[in-house]
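K.L.:
In mature numbering (1 follows the signal peptide of the UniProt record, and there is no 0), the protein residues as written are -17 to -1, 1 to 404.
Heads up, the beta-carbon is just placed ideally off N, CA and C, and yes, glycines get one too.
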């Protein structure tokens, strides 16, 4: 009798367990179109796969669909349809946090379930020890941080949140897929025994890449003039869309790694449950009939001929392509401004490297407090780091870890950088 009661209790727990998802596009501006396209695609995939809409939380600046540069108002596409079908992923994509609410503080509070620290009425992950959580983030990054529209989330802050969630029984198992440059740097210290498993689009010292970029950005016979997706993201989403929920997390990782051609997809954290099927995370507990986003033969699927752009060069290539297409003075000015901006960062960080005799290769900052202070000082005294400028954060990290200067001295050096122009 006791055995029967135990089985009934286990069955009741399994019935009550639910899946949660947190999907984040951390960028804004039309040249970053691909990030919001990735996230809305992921939302529609999860809903089709039986996720309850109440359990999917979406962060996106929401400035793409109605953007003046968007030729298809009210629509966002994550795949071209030159030879097949492409879905407007913005239609039906429910965005919970927009504009200035897309920030690290809200992101971490959603994960922790700190509803009293969130804007009134906004959704949060109200999970238990029985629930699985899937987190997906697409944006820009740098060694030890990932970017939001106006601020950054640092590796230490993310790990502290994971520790809080682990100690407070906030999940059964958590899977995190991260699409940013140097994304692997966010997981190098991820515990291997806390039931948190992560994939990074790139290793700790390389760029991630956009895909379906011009001239392969054709939707309904027209070029959108921007990358429609990110290589890692498109690969894993199109694979999930095939509906093969018998794949294990390990098999899914191996497929993504093989078909992401321009960066090294890496696996992190607790791999003890990598034999679990992807159904446990990409399908809801009220599973619906599987559906494909588009025919299999139109998928990305290791197509070496598809155009890809380095995320660090995306804005430059966007305006080069746009000016070549339009010849407009406005686009020429934007292109010139981007060229000047890149030259500015090259000059001032070249001076920093020379002054402090820094090696300039990859460096993950052990002193994250110093790194954060250096970045804040630079952005206060000089200018905000751009997608391209973030490539030089490694110099701040090396500066913080390899010099004997006090923090106040380092900040003084950083604040004088902008005077070298």
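When the Cα atoms are used, what is the spatial distance from residue 210 to residue 40?
P.N.:
Near 24 Å, if we compare the C-alpha coordinates of residue 40 and residue 210.
K.L.:
Under 8 Å from any heavy atom of the ligand NAD, does the C-beta of residue 31 make it?
P.N.:
The ligand NAD is not part of this structure, which contains no ligands at all.
K.L.:
Assuming residue 348 contacts residue 127 under a Cβ cut-off of 8 Å, what Cβ separation, rounded to an integer in Å, is found between them?
P.N.:
Indeed they touch by this definition, with Cβ atoms about 5 Å apart.
K.L.:
By DSSP's criteria, residue 205 is part of a beta bridge. Which residues make up the other side?
P.N.:
Paired residues: 202.
K.L.:
What would DSSP say about residue -9, mapped onto helix, strand or coil?
P.N.:
Reliability of the predicted coordinates at residue -9 is poor, the pLDDT of 41 falling under 50, and the value obtained from them is presented with this limitation in mind. Here residue -9 sits in helix by DSSP.
K.L.:
On the DSSP letters alone, give me the boundaries of the alpha helix (DSSP H) that residue 98 sits inside.
P.N.:
Premise fails: residue 98 is in no alpha helix (DSSP H) and is neither H nor E.
K.L.:
Taking its Cβ as the centre, do 16 or more other Cβ atoms sit within 10 Å of residue 17, making it buried, or is it exposed?
P.N.:
The residue in question, residue 17, is buried, as its Cβ has 16 or more Cβ neighbours within 10 Å.
K.L.:
At 3 residues or longer, and completely inside the segment 86 to 148: list those beta strand (DSSP E) runs for me, N to C.
P.N.:
Here the runs fully enclosed are 115 to 121, 128 to 130 and 135 to 137.
K.L.:
Relative to the C-alpha of residue 176, which candidate in 192, 146, 184 and 88 has its C-alpha closest?
P.N.:
With distances taken between Cα atoms, residue 176 lies closest to 146.
K.L.:
On the three-state DSSP scale, how would you describe residue 179?
P.N.:
Residue state, collapsed to three classes: strand.
K.L.:
Tell me the DSSP secondary structure of residue 20 in three-state form.
P.N.:
Residue 20 falls in the helix class under three-state DSSP.
K.L.:
Going along the chain, which residues of its own chain have a beta-carbon closer than 8 Å to the beta-carbon of residue 259, five neighbours each way excluded?
P.N.:
If we look at residue 259 and ignore the five residues flanking it on each side, its Cβ neighbours are 156, 231 and 232.
K.L.:
Whole alpha helix (DSSP H) runs in the segment 23 to 85 with 4 or more residues, listed along the chain?
P.N.:
Entirely contained in the segment 23 to 85, not one alpha helix (DSSP H) run reaches 4 residues.
K.L.:
What residue from 69, 125, 292 and 117 has the CA that sits closest to residue 15's CA?
P.N.:
The shortest C-alpha separation from residue 15 is found at 292.
K.L.:
Would you check if the segment 187 to 194 and the segment 251 to 258 touch, i.e. whether three or more CB-CB distances between them fall below 8 Å?
P.N.:
Cβ pair count under 8 Å is below three, so no.
K.L.:
Beta-carbon separation of residue 138 and residue 85 under 9 Å?
P.N.:
Cβ atoms of residue 138 and residue 85: not closer than 9 Å.
K.L.:
Take residue 91 and list the residues in its own chain whose beta-carbon comes closer than 6 Å to its own, dropping the five residues that flank it on each side.
P.N.:
The answer, listed in chain order, is 144.
K.L.:
Tell me, please, whether the segment 163 to 170 touches the segment 217 to 229 by the rule of three or more beta-carbon pairs shorter than 8 Å.
P.N.:
These segments do not touch.
K.L.:
Can you give the Cα-Cα distance for residue 54 and residue 294, rounded to whole angstroms?
P.N.:
Each residue's Cα considered, the two are about 23 Å apart.
K.L.:
Buried or exposed: residue 274, going by 16 or more other Cβ atoms within 10 Å of its Cβ?
P.N.:
In this prediction, residue 274 has a pLDDT of 46, which is less than 50 and means its spatial position is unreliable; nothing more can be read from the coordinates.
K.L.:
Assign residue 153 to buried or exposed, taking buried as 16 or more other Cβ atoms, counted over all protein chains shown, within 10 Å of its Cβ.
P.N.:
Answer is buried; the Cβ neighbour count reaches 16.
K.L.:
Where does residue 102 land, buried or exposed, given buried means 16+ other C-beta within 10 angstroms?
P.N.:
With fewer than 16 other Cβ atoms within 10 Å, it is exposed.
K.L.:
Which whole runs of the beta strand (DSSP E) in the segment 275 to 353 are 3 residues long or more, in chain order?
P.N.:
If we require 3 residues or more, the beta strand (DSSP E) runs fully inside the segment 275 to 353 come out as 291 to 293.
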